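J.: Numbered according to our numbering, the sequence shown spans residues 73 to 147.
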Amino acid sequence: MTTRKRYYIKINSEYCKGCGLCLEVCPKNVLALGTAMNSRGQHTAHPANAGECIGCLQCADICPDTAIEIDEEQS
Ligand code: SF4
Ligand code: SF4
């Protein structure tokens, strides 16, 4: 039996400016803009649906502020 890989999504809220580019490219609608604000008063992205992440890295690649890290969870 194969178990689907799971990914840990880390978003640095102090780097994120809430531009929404990562939400647009994610093929699995994993990311969302939250209501919480960073220290600059910007609503930041968070992994609202982390279990759906396929580790494609498109969000990390497009983020202009290198705010996203994706790591494969070790089981
Ligand atoms: S692309 Fe980067 S800066 Fe823009 S909302 Fe996503 S994490 Fe934040
Ligand atoms: S790695 Fe891919 S599937 Fe996972 S949150 Fe980023 S864009 Fe979405």
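Here a beta-carbon is modelled for each residue, glycine too, at the ideal position from N, C-alpha and C.
Quick caveat: nothing in here was measured; it's all calculated off a predicted structure.
1) Looking only at C-alpha atoms, which of ARG112, ALA120 and GLU96 sits nearest to GLY106?
2) Within its chain, find whatever has a CB closer than 7 Å to the CB of LYS77; leave out the 5 residues flanking it on each side and keep chain order.
3) Does DSSP put ASP143 in a helix, a strand or coil?
4) Would DSSP call ALA120 helix, strand or coil?
T.: So, from the listed chains and residues:
1) For the purposes of this step, residue 106 is identified with residue 34 of the sequence shown, where counting begins at 1. For the residues ARG112, ALA120 and GLU96, the minimum Cα distance to GLY106 belongs to ALA120.
2) In the sequence shown, counting from the first residue as 1, residue 77 sits at position 5. These residues qualify, in order along the chain: GLY127 and GLU144.
3) Stepping through the sequence shown from its first residue, residue 143 is reached at position 71. Strand at ASP143.
4) Within the sequence shown, numbered from 1, the residue matching residue 120 stands at position 48. ALA120 falls in the coil class under three-state DSSP.
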